[in-house]
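First comes the structure, then the notes that go with it.
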Amino acid sequence: MSAATTKEKTPEPALAERLRLEVERAVQRSFRSIELLGAAPPTVGRTPKTVLHRRGTLSLYHYHATADEIYRVPILFVMAPTNKAYILDLAPGQSMMEFLLARGYDIYMMDWDAPTDAERNLKIEDYVLDFIPDCLKRVQQDSGEDDVTLVGYCAGGMLSAIHVALLPDGPVKNLVCFTTPVDFSKMELFRAMASDKVFDVDKLVDSVGIVPADMVRAGFDSLRPASRVAGQLRLWDNLWNDEFVKGFRMMERWGNETLPLPGAYFRQTVKELLRGNALYEGTLKIGGRKVDLAKITVPFLHVIAQYDHIVPPACAHPLVERVGSRDKEEVVLPGGHVSIAAGANAVKRMWPKLDSWLQRRST
Amino acid sequence: MPQRPRPENTTVATSLIPDPFQMWREALTKLEGNVNSLVTGSVDSQELMRSMHQLSTLSLGMQQAFEKAIGAYLARVNLPSRKDVSELAAALQRVEDKLDLLLPTGAAGSAAPRPPRTRRPPPEEVAAPAAVAAAPAAARPARAAKRTASRARRRS
């Protein structure tokens with residue numbers, strides 16, 4: 001019997017089965033939707049850790065080792081100031097922290113809380129020349145090691161790269177960046193929104209002091225304006241699927257907990273980075289000193305997400321070209337801005353790559 | 001911008017009658033993509049950007065006015081706002097964290113484990129890759145000297 005004939009014999013039963021399945025799912029949706037309305041927020045960030053230090057918006061954590069022996073060089077992660085770090089520690093089985101701890105790394109994390117009004121004047125200088133060096137020193141003291149690997153995610157990567165460029169003789173032994181922007185001219189929509197013809201950043205910052213989280217989140221949502229509604233429709237469609245709902249709610253919680261930003265930092269980002277593209281042009285001055293990415297000479301890895309809509313690959317590529325390191329590598333992996341580091345496929349793609357790169361440079 | 005590939009778990013209808021549920025899902029994905037492309041393709045439209053900012057400013061203004069009114073009412077009836085309670089909770093958390101640091105390890109609960117820093121990469125990874133081998137020879141003695149000096153300082 002030919003394949004075509006076989007196919008012709010199955011249409012009605014297949015569709016009937018699909019209809020039955022959809023009716024069953026519809027019933028499950030109605031029950032689950034009621035459960036969802038009263039459900040507590042999903043638990044995230046459960047990998048055990050100790051708070052080493054808190055100072056205003058900054059928190060420094062030390063994750064508890066799970067391996068019997070660990071690599072010599074500790075790792076300090078720098079999260080982007082716009083978001084919480086638990087995206088890298090969503091749940092058992094979907095946690096980069098858990099993955100790296102199991103492979104013997106000693107991990108510290110710079111995380112952020114909403115800045116208070118007293119922190120409205122924090123600038124890039126404060127993150128790069130105060131928070132990061134302070135945390136590096138605390139990691140050295142806590143670990144007993146002088147060398148530290150610095151890993152920055154998105155704007156955290158940008159802050160890390162600027163720090164190493166300004167302090168190339170510091171304790172940073174290796175630098176890793178994920179989805180880090182350099183050429184802001186390739187962030188077309190953000191640049192259009194930040195244009196001085198349509199947006200008076202000084203008026204906003206002077207009136208609010210701290211840029212509200214809603215506004216920061218709206219900025220990210222505007223890159224994909226239909227996705228929030230489409231996401232809710234997909235959630236409704238998949239309410240029968242516990243795994244889908246669990247994953248969706250964790251990601252949604254993280255997106256909703258976007259942080260407000262100090263006004264001075266926001267103003268600097270808009271004027272010097274988005275409008276002036278100063279980091280790419282080599283004209284960015286931090287603490288009175290010009291940031292020259294060529295001064296970075298430590299081993300360097302940049303992981304770029306192929307389908308990143310926030311930091312397009314064209315925006316991130318120049319970083320590996322600009323750094324002065326001889327041991328440097330750029331890896332482009334399938335995934336979006338968040339899924340590359342925290343999605344279900346990260347365990348097969350990015351995390352093993354990070355492990356194989358780090359293990360030779362952490363002894 | 002490269003397009004994402006089709007998700008791996010989508011089913012393809014083998015029936016001659018199209019699967020309406022799959023068609024609906026595909027239509028949603030396509031509509032989402034079209035709307036997103038429409039907006040991102042309008043980067044040159046200053047009017048659109050201005051409108052987005054005006055909407056954002058209006059929303060922010062209304063939110064601030066509402067919060068101010070609520071804040072004034074709560075102050076009048078001598079009740080704390082949600083912000084006051086959150087700030088108090090954050091301050092309390094900071095005090096608790098500082099207490100944990102000050103208290104003896106046994107009292108604060110189990111200390112973080114401190115395994116030895118003796119781990120080595122798996123044997124097949126020990127062979128240096130071309131990129132590392134190409135690193136200047138001068139860099140390695142400098143780093144080794146730095147580690148020796150730091151260990152000497154810790155011992156003294």
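Top line first, the protein sequences correspond to chains H and E. My numbering numbers the first residue of the first sequence as 1 and each following residue consecutively. My numbering numbers the first residue of the second sequence as 1 and each following residue consecutively. C-beta: ideal position from N, C-alpha, C; glycine also.
- Taking a cut-off of 8 Å for Cβ pairs, the region 118-134 of chain H and the region 263-270 of chain H touch, as three or more such pairs fall below it.
- Remark: C-beta atoms of H/Val128 and H/Tyr280 do not approach each other more closely than 8 Å.
- Under the three-state reduction of DSSP, H/Lys285 is assigned to strand.
- Any Cβ of chain H closer than 8 Å to the Cβ of E/Ile17 would place that residue at the interface, and such an atom is present.
- In this chain, the beta strand (DSSP E) harbouring H/Thr50 covers 49-55.
- The DSSP assignment places 46-76, 82-102, 105-108 as complete runs of the alpha helix (DSSP H) inside the region 23-108 of chain E, in order along the chain (cut-off: 4 residues).
- In this structure, DSSP gives H/Glu330 an extended state, which the three-state scheme calls strand.
- Here H/Gln232 is exposed, its C-beta having fewer than 16 other C-beta atoms within 10 Å.
- Residue-level contact check: H/Glu69 touches chain E, since one or more beta carbons of chain E fall below 8 Å from its beta carbon.
- Residue burial is scored here from C-beta neighbours: H/Thr297 has at least 16 other C-beta atoms within 10 angstroms and is therefore classed as buried.
- When beta bridges are read from the DSSP output, H/Asp134 appears opposite no residue.
- Under the three-pair Cβ rule at 8 Å, the region 79-88 of chain H counts as touching the region 148-160 of chain H.
- In the structure shown, H/Tyr265 falls within a helical segment according to DSSP collapsed to helix, strand and coil.
- Distance from the CA atom of H/Ala344 to the CA atom of H/Ile75, rounded to whole angstroms, is 23 Å.
- Using a Cβ-Cβ cut-off of 8 Å, E/Pro80 does not count as an interface residue toward chain H, since no Cβ of chain H sits closer than that to its own.
- About 5 Å separates the beta carbons of E/Val39 and H/Pro225, which is inside the 8 Å limit, making them a contact pair.
- Within chain H, the C-beta atoms nearer than 7 Å to that of E/Leu60 come from Pro212, Met215, in chain order.
- Membership of H/Asn83 in any beta strand (DSSP E) is not indicated, and neither H nor E is assigned to it by DSSP.
- In chain H, no part has a C-beta under 8 Å from the C-beta of E/Arg76; the shortest such distance is about 22 Å.
- CA-to-CA, the gap between H/Leu239 and H/Ser33 works out to about 7 Å.
- In the DSSP secondary-structure assignment, H/Thr149 is bridged to H/Ile75, H/Asn174.
- Secondary structure note for H/Ser59: its beta strand (DSSP E) is the uninterrupted segment 58-63.
- In the DSSP annotation of this structure, the continuous segment of the alpha helix (DSSP H) that includes H/Phe99 starts and ends at 96-102.
- Taking 8 Å as the CB threshold, H/His62 lines the interface with chain E.
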